[in-house]
Each structure stands twice: as C-alpha cells, then as structure tokens.
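Residue numbers (my numbering): 6 to 260.
Quick reminder that beta carbons are idealized off the backbone N, C-alpha and C, glycines included.
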Amino acid sequence: MPHPSPSRSIAGRTAIVTGAASGMGRATALLFAAEGAAVAVVDRDRAACVAVAEECGGGARAYALDVADADAIVGTIATIAADFGRIDILVNNAGISSFCALDDPAYEEVWHRALGVMLTAHQRMVRAALPWLRQSDAARIVNIASTEGLGATPGDTPYVAAKTGVIGLTRGLAVDLGPEGITVNCICPGPIRTAMTDAVAEEHKVVFAKRRTALRRYGEPEEVAHITLSLVLPAASYITGVAIPVDGGLMARNA
Ligand code: NAI
Numbered sequence: 006m007p008h009p010s011p012s013r014s015i016a017g018r019t020a021i022v023t024g025a026a027s028g029m030g031r032a033t034a035l036l037f038a039a040e041g042a043a044v045a046v047v048d049r050d051r052a053a054c055v056a057v058a059e060e061c062g063g064g065a066r067a068y069a070l071d072v073a074d075a076d077a078i079v080g081t082i083a084t085i086a087a088d089f090g091r092i093d094i095l096v097n098n099a100g101i102s103s104f105c106a107l108d109d110p111a112y113e114e115v116w117h118r119a120l121g122v123m124l125t126a127h128q129r130m131v132r133a134a135l136p137w138l139r140q141s142d143a144a145r146i147v148n149i150a151s152t153e154g155l156g157a158t159p160g161d162t163p164y165v166a167a168k169t170g171v172i173g174l175t176r177g178l179a180v181d182l183g184p185e186g187i188t189v190n191c192i193c194p195g196p197i198r199t200a201m202t203d204a205v206a207e208e209h210k211v212v213f214a215k216r217r218t219a220l221r222r223y224g225e226p227e228e229v230a231h232i233t234l235s236l237v238l239p240a241a242s243y244i245t246g247v248a249i250p251v252d253g254g255l256m257a258r259n260a
C-alpha cells in the first residue's frame, strides 16, 4: 500500500538524468537539484556535464557517457550507485536529431544511431539501474519521447520510429515493473527551445508555433522539466505507462 500521505518532495533522493549537459536534460537536472535531490549529470559531452553539475550544486556529480555504449552504461551506473549509495529516479532524456530521407545513402547509419541512442539505450539504462531502483521506496522512471512518437514529420522516419518505440517501451516496462511499485512514464515534448532546435530560424519558429500549437509559441526546457518533476515525486504513485504530451497543444489542434 502507498503511504497515506505521500511526499511531494524529492529532497534526499538520487536522480540520474541523461543528456543533462544541454536543453531539457540540463533544465531537469537544475530543477531536481533545486528541489534537494542529488543529481547524476550524465552526458557524452564531458566538459558541459561538469559545468552543469557545478551549476546544480548540492552534491551533483558529472559522468561522461555515450549512452549508445552498452558496456559503458553498466560501468557508469555502478559508479553512480557507489558514489551516491542509492538510485531512486532515472530520466532517459539523451537524444539526437535524426532527419534522413529514405533514399539517402546514410539512411542505415542514421537509423541505427537513432535507435541506439534514443531507444536501445533506454532499456539498457533501466536494466542496469534496476537493482538499485528496486531498493527505493519510490522508484520512478521517465523516458523523454516526442510528439514525433504520436505523429510524424516528413523525412524523419528514424526519429519517429525511435520515439514511437519509447512510448511502447514505456508501456511494457510499466507493466513489467508495476508489481514492484516502480512507475514508468514518458513525456512527449512538442517544439521546445533547445540546442536541438537552434538551427530552426526564429521567424520559422514563430510561424510554426502560431500555425500549429494552441498556445501559439515554442516551449521552454523548464516547462518540460516541471512535468518530469511531477512524475518523479513519491506522491505520483498511481500513474504509470502513460505518454504525456507537453506540446503547447500541438496534438490537440486541428486548425
Ligand atoms: P539538446 O541537444 O539540447 O540536448 C541533448 C543532449 O543529449 C545533449 O547534451 C547531448 O550531448 C546529449 N546526447 C546526445 N547523444 C548522446 C549520447 N549518445 N550519449 C549521451 N548523451 C547524448 O536537445 P533537447 O531538445 O534538450 O533534447 C532532449 C530530449 O528531448 C531528446 O530526447 C530529444 O529527442 C527530445 N525532444 C526534443 C524536442 C525539441 O523540440 N527540442 C521535441 C521533442 C523531443
């Protein structure tokens, strides 16, 4: 049975955030740290990782990891568990833009990289962290998918396949881990201002957001981080297996 008055605080919990050197991962790491969690800031960009861990303070530590490297995942999770003594929260957020036309000679390569970084890595991170998550009284997993997992933009099949897979993986994990009280949810961000969307010119961002979103604007990484926080609270004990759009109403809008 859940605690009758479950906590709405993550203070004292240990959280792993992948892709935490930039964008939504960085915003999530900073928010979790501000809420009193000890954060493992994980990213392939070592220097940026160290900088974000310093910004977080509160005992945050940086871990350089390419999440496409299966052996490195196992080693990094073991190091994090040894450093912090516990793992309560895992946010699988690392991602890469993977636009590629079907007849592009690099298609196979882009496909494998997209699925490796944004789908296979998620299950590997979860399986490696499970022994410690199982010891937590409020274990929480959040995977960052995309509205590209709910619909599709032309020329984006590797990314769409990976993100749709994340939604399916989330459901499967929720069902498998539910009996142990571990919740697994995913967030589907819409257009968010991060390094990933830097290449989109400001005037295109404005036009796109006005045409496509209910709120008529791009989102900020912090607006996603707050929903991720809400899903990892101990009090979020009866929500699992869902995909929540945080998209300014992109999926809601027809015209
Ligand atoms: P970002 O480019 O600002 O941050 C992504 C971070 O992931 C970077 O720090 C990068 O170094 C790291 N990363 C990439 N590959 C990695 C690897 N193999 N191993 C470890 N770290 C790796 O991008 P953003 O937008 O913050 O992306 C975060 C997540 O949100 C991604 O999964 C992305 O697909 C997803 N997303 C982004 C949207 C947007 O509009 N920005 C919309 C929907 C989903």
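- Annotation for R66: no alpha helix (DSSP H) segment contains it, though the beta strand (DSSP E) segment containing it runs 66 to 69.
- Nearest C-alpha to V211 among T202, R221, A69, I146: R221.
- When secondary structure is reduced to three states using DSSP, A166 falls in the helix class.
- Taken atom to atom, the span from the alpha-carbon of I192 to that of E207 is near 25 Å.
- Three or more pairs of CB atoms, one per stretch, sit closer than 8 Å, so the segment 91 to 106 contacts the segment 27 to 47.
- In this structure, L124 lies away from G195, with their beta-carbon atoms at least 7 Å apart.
- Taking 7 Å as the cut-off, the Cβ atoms of A75 and R118 do not count as close.
- Closest option to V229, judged by alpha-carbon separation, among R91, A56, S151: S151.
- Taking the CA atoms as reference points, C61 sits about 32 Å from V165.
- Beyond the five residues adjoining it in sequence on each side, A133 comes within less than 6 Å, by CB distance, of I78, V79, I82 in the same chain, given in chain order.
- Residue burial annotation: D88 is exposed, with fewer than 16 other C-beta atoms found within 10 angstroms of its C-beta.
- One alpha carbon belongs to A67, the other to A45, and they sit about 6 Å apart.
- A Cβ-Cβ contact shorter than 7 Å links W137 with I92.
- Inclusion of P226 and T202 in the CB contact set at 7 Å is not warranted, their separation being larger than that value.
- Per DSSP, reduced to three states, the secondary structure at R49 is coil, with no helix or strand assignment.
- CA-to-CA, the gap between G246 and A69 works out to about 29 Å.
- Going by beta carbons, A167 and L120 fall inside the 7 Å limit.
- Less than 7 Å separates the beta-carbon of G160 from that of F104.
- At a Cβ-Cβ threshold of 7 Å, S12 and P239 count as neighbours.
- For T245, the three-state secondary structure derived from DSSP is coil.
- The beta-bridge partner set that DSSP reports for V189 consists of I146.
- Distance from V237 to R145 at the Cβ level is roughly 4 Å; contact confirmed, criterion being Cβ atoms closer than 8 Å.
- Here L255 carries a coil assignment [DSSP, helix/strand/coil].
- Non-local beta-carbon contacts of G183 in its own chain, meaning distances under 7 Å to residues more than five positions away in sequence, involve T245 in chain order.
- Pairing G64 with A43, the inter-Cα distance amounts to about 6 Å.
- For the pair A34 and V47, the CB atoms are not nearer than the 7 Å cut-off.
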